[in-house]
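Here the sequence shown is numbered in the working numbering, starting from 15 and rising by one per residue. Even for Gly, the Cβ is constructed at its ideal location relative to N, Cα and C. This structure is a prediction, so every number in the text was calculated from the model and none was measured. Structure record follows, encoded as structure tokens.
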Amino acid sequence: MSILLLGADGQVGYELHRAFAPLGAIEACTISGALPDGSPCTRIDFTDIGSLAQLIAQRRPALVLNAVAHTQVDRAEDEPDLTARINAQAVDEIAQACAAHDAKLIHYSTDYVFGGDGNRPWREDDATAPLGVYGRTKLAGEEAVRASGCRHLILRTAWVYGARGQNFLRTMLRVGREREELRVVADQIGSPTPARWIAAATALAHARKPEASGTWHLVADGQCSWHEFAGAIFDRARAAKLIERAPRVLPIASADYPTKATRPGYSRLDTSRFAADFDLRLPEWREGLAQVIGELAEAARA
């Protein structure tokens, strides 16, 4: 199977490159034209209108993995046109090209398509109500994929992190070494999910049911606040000797930490449909944290 991987240098894209390697020949693409290890790959630019459709028409892949997104939520409020181009218009171009050339598309979306005012995990068929530019453009991307008629998996995920890239865990470890006290939001609830788990589950789901098409939620089991996640990060990191001491982590309300973009308060996603359809369920989020901290500790010892 020929596979076109868009965004091979991002958190999820990097792991997809590994997870899908046994399933076919992968052509990896990044905006820089280089992979994280420095080796060359195909260069793509999501702001170059027409280039993505041209690439798909030339390569005729059986499967397209789209791991590219504008995910800087606050910056998106200042860059609505760029965010819309990357998260919606480019996705429409990809989906239309996939439909034209009979390629299947796997595309990632987000918990931010929901308003966050619920009190139970969000299901795939719940009404969407994004609060900002990022969520609105990601929802528009979803709608473009569905409207194109291409075979697709839209996988909504949330609170993605890993041992590499820019993410909450790595930020906490960095600032935790610099400060004795941190104030972390305690009234936003979600499910921290390792990028490696997302990629592995995606590959397994596709291998088990390559004909499946639709929208599913894919996150780790369980839920926590950012404050609880931060505390668990420091506990694990200290036990693994990644840090000598853990800072005090104080809980605060979202109102005490104003940001340009409004975040959903409750954004845990219900993964029951994914579990039923693919016989796959990700483990509890603390297990994922232990694995990622273990990976960082092993790298530090190397």
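{"Query": "C-beta neighbour in chain B for Lys152, strict 7 Å", "Result": "In the displayed structure, chain B is absent; only one protein chain is listed."}
{"Query": "Residue from Pro36, Tyr28, Ala39, Gln103 whose Cα sits closest to the Cα of Asp59", "Result": "Gln103"}
{"Query": "Buried or exposed by the 16-neighbour rule on C-beta atoms within 10 Å, applied to Leu145", "Result": "buried"}
{"Query": "Rounded C-alpha distance that separates Ile100 from Leu119", "Result": "16 Å"}
{"Query": "Residue(s) in a DSSP beta bridge with Gly204", "Result": "Cys238"}
{"Query": "Cα-Cα separation, Ala11 to Leu294", "Result": "One cannot answer for residue 11 here, as it falls past the ends of the chain, which runs 15 to 316."}
{"Query": "Gly64 classed as buried or exposed, judged by whether at least 16 other C-beta atoms fall within 10 angstroms", "Result": "exposed"}
{"Query": "Touch test, the segment 176 to 183 against the segment 141 to 156, Cβ-Cβ under 8 Å, three pairs minimum", "Result": "no"}
{"Query": "Close-in-space but distant-in-sequence residues of the same chain around Glu298 (CB under 6 Å, 5 per side omitted)", "Result": "Asp235, Gly236"}
{"Query": "The ligand FMN heavy atom lying under 6 Å from the CB of Cys112", "Result": "Within the structure as shown, the ligand FMN is missing, as the structure has no ligands at all."}
{"Query": "Alpha carbon of Ala35 to alpha carbon of Ile212, nearest angstrom", "Result": "15 Å"}
{"Query": "Exposure label - Pro54; buried when at least 16 CB within 10 Å", "Result": "exposed"}
{"Query": "Selection from Ala48, Leu310, His121, Ala172 that minimises the alpha carbon distance to Ser239", "Result": "Ala172"}
{"Query": "Cutoff 8 Å; reference Asp140; Cβ partners in own chain excluding five residues on either side", "Result": "Phe128, Gly132"}
{"Query": "Through-space distance from Asp88 to Glu225, alpha-carbon basis", "Result": "37 Å"}
{"Query": "Rounded distance between the beta-carbons of His84 and Ala76, thought under 8 Å", "Result": "About 27 Å; that fails the 8 Å criterion."}
{"Query": "Cβ separation of Ala246 and Arg300, assumed to be a contact under 8 Å, to the nearest whole Å", "Result": "6 Å"}
{"Query": "Residues near Lys223 in its chain [Cβ-Cβ closer than 8 Å; skip 5 each side]", "Result": "Asp291, Phe292"}
{"Query": "Residues near Arg277 in its chain [Cβ-Cβ closer than 6 Å; skip 5 each side]", "Result": "Gln202"}
{"Query": "Straight-line Cα distance separating Thr124 from Ser16", "Result": "27 Å"}
{"Query": "Among Ala289, Gln305, Tyr280, Leu310, nearest to Ala143 - alpha-carbon criterion", "Result": "Tyr280"}
{"Query": "Exposure label - Thr344; buried when at least 16 CB within 10 Å", "Result": "Residue 344 is absent from the structure shown; the chain starts at 15 and stops at 316."}
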